[in-house]
Amino acid sequence: MKMQVMSSLKKIGLTKQSPAEIVLTTFSPDKKPHASVMGIRAMGGSRVMLRIFTNTRTFRNIFQSRAAVINIVKDVNLLASLALKGFPRFGKITLKFVKSGHVNAPRLAKADARVEVEVEKVERAKISDEIGSSEVACVTARVKNIAVINPSIHPFKRSEFFVIESAILATRIKEALKNGRNEVAKRKFLELIGYMEKCRRIAPDSGELNLMIKIKDLFKNEMG
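Just so you know, we're using our numbering here: the sequence shown kicks off at 8 and counts up by one.
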């Protein structure tokens, strides 16, 4: 059984070697569905691990409900929009949720694949970096069900990878600015510009480049 789960996880891009960007869906205590983008890594057997900041709604939900759905989506616009939902200027995205049939959590109606999990263990740790200090929870969860809706799930193109990295950088820039770490924010912004220029070289007429320009423009007042 464990080998079957590992094989199924690998087929949809979840491995021990490298974290994958997914959409995690959870219920709040009042059963309101919530979605967030984060990295996840398979642990072997039938377990996966997530690292979640403890000051987030995602953590509060999963800690209370002890369940979540890992949604695999290959729509880079959806991933970027969810990652940047803290930026009102980026625009809102409308999601359709469906109740999971296996765990106490919602799932995305249009995911390419999903993994329904229940929490086994939560370990908290303090981390510090150039942006500041935070508390992170390492959440170990057991797989209860795997469903593949789109068997032709494709790997991200390089231009799509650049969009995801830029969205992650944007959230770090925002946090650095909030903490008064302006020099760190400037360095992260230059990294974002670097990804945008790489995208411009390989995909000058792409929707991904337009997305990255939109991400860059979120900081036009702070960075000029």
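Built from N, CA and C at the ideal position, the CB exists for glycine as well.
Proximity winner among 50, 106 and 131, relative to residue 40 (alpha-carbon distances): As a working note, residue 40 is residue 33 in the sequence shown. Just measuring C-alpha positions, the residue of 50, 106 and 131 sitting nearest residue 40 is 106.
Selection from 229, 199, 227 and 226 that minimises the alpha carbon distance to residue 216: By one-based count along the sequence shown, residue 216 stands at place 209. Answer by Cα proximity: 199.
Among the residues of its own chain, which have a CB less than 7 Å from the CB of residue 218, if the five just before and after it don't count? Indexing the sequence shown from 1 puts residue 218 at position 211. Answer for residue 218: 84, 87 and 170, listed in chain order.
Bounding residues of the beta strand (DSSP E) (the contiguous stretch that carries residue 115): Position 108 of the sequence shown, counted from the first residue, corresponds to residue 115. 113 to 115 is the span of the beta strand (DSSP E), which, as asked, contains residue 115.
Beta-carbon proximity list for residue 140, same chain, < 8 Å, skipping 5 on both sides: Counting from one through the sequence shown, the residue named residue 140 turns up at place 133. Cβ neighbours of residue 140 beyond the five flanking positions: 133 and 134.
Residue 44, DSSP secondary structure in three states: Counting from one through the sequence shown, the residue named residue 44 turns up at place 37. Under the three-state reduction of DSSP output, residue 44 falls in the strand class.
Under a Cβ-count criterion, where at least 16 other Cβ atoms within 10 Å of its own Cβ denotes burial, should residue 206 be classed as buried or exposed? Against the sequence shown, residue 206 aligns to sequence position 199. Classification for residue 206: buried.
Assigned exposure category for residue 197 - 16 Cβ within 10 Å defines buried: To locate residue 197, count along the sequence shown from 1; it is residue 190. Flag for residue 197 reads exposed.
Own chain residues within Cβ distance below 6 Å of residue 157, not counting five before or after: To locate residue 157, count along the sequence shown from 1; it is residue 150. Excluding sequence neighbours, residue 157 sits near 119.
Taking the alpha helix (DSSP H) that residue 94 belongs to, which residues open and close that run? Translated into the one-based positions of the sequence shown, residue 94 becomes position 87. That residue, residue 94, is in no alpha helix (DSSP H); it is neither H nor E in DSSP.
Taking residue 136 as the reference, give the member of 163, 146, 154 and 191 with the closest Cα. The residue given as residue 136 occupies position 129 in the sequence shown. Distances from the CA of residue 136 to each of 163, 146, 154 and 191 were compared; the closest alpha carbon is that of 191.
Inspect the beta-carbon positions of residue 222 and residue 102 and report whether they are closer than 8 Å. Residue mapping note: residue 222 aligns to position 215 of the sequence shown, counting from 1. Residue mapping note: residue 102 aligns to position 95 of the sequence shown, counting from 1. Taking the C-beta atoms as reference points, residue 102 is found no nearer than 8 Å to residue 222.
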